[in-house]
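These notes are about the structure you will find just below.
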Amino acid sequence: MLSFRLSTSTRLSRQPWAWHTLGWARATRAKRSRSWRRCGRAQGTQTLEVQSITFWRESVSASNESGIQARLDRGVDEFNDGAYFEAHDTLEDVWMDVRGQERLFFQGLIQLAIGYYHLTCQNYPGAEHLLGRGLEKIEPYRPHHRGVGLDGVFVAAHSVREQILARGDEEELSWPKPVIERSGE
């Protein structure tokens, strides 16, 4: 069993302890014990007993690839049905499982989905901001990536963003429903 001493200044909430001490790693079956003047340790230290440590890989394993593609397809279907928030949730699950440059592709799709969600809520500043960031991230992957055609949604999102920037304060927007196309790739 491995033991590590961490100071209480190490952020332990919402993130695995190993991100802060060993880089991108996850501790499995970690047992935390606080030591406040016990066992001869200084006040304010914590001991973690770890049975194993797994480091993140830079790319997706082949066994996980089919699951990622299936969730991507579900997220695209939700986006095309106008369920932008649900598409965001589905694509965010995929994004969390992917490493390397692929993360930017998924992050761009997530930002487009939330940008369109903001449009449905008439939050035009939020929509403009997220559509712009999403467009920046998916542009390098055009015209298609992972079986998804990006040109149509890119042009539609760019057009809506331009309308938002050009509109008056009280003016409401009418925008066509975007569609993420499937490509043969």
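For what it's worth, the working numbering labels the leading residue of the sequence shown as 1320, then goes sequentially.
Glycine is no exception: its CB is placed at the ideal position from the N, C-alpha and C atoms.
These numbers were taken from a predicted model, which means no experiment stands behind them.
Counting of Cβ neighbours within 10 angstroms places Arg1480 among the buried residues, the total reaching 16 or more.
Per DSSP, reduced to three states, the secondary structure at Val1498 is coil, with no helix or strand assignment. Restricting attention to Glu1384, Leu1484 and Asp1400, the CA atom closest to the CA of Glu1500 is found in Asp1400.
The DSSP-derived three-state label of Val1417 is coil. Taking Arg1461 as the centre and dropping the five residues before and after it, the same chain places the C-beta of Leu1469, Asp1470 and Phe1473 closer than 7 angstroms to its C-beta, in chain order. Here the alpha carbon of Leu1423 sits roughly 17 angstroms from the alpha carbon of His1448. Judged by beta-carbon spacing, Phe1425 lies beyond the 9 angstroms limit of Leu1450, meaning their Cβ atoms are not closer than that value. Cβ atoms of Ala1406 and Ala1432 come within 8 angstroms of each other, at about 4 angstroms.
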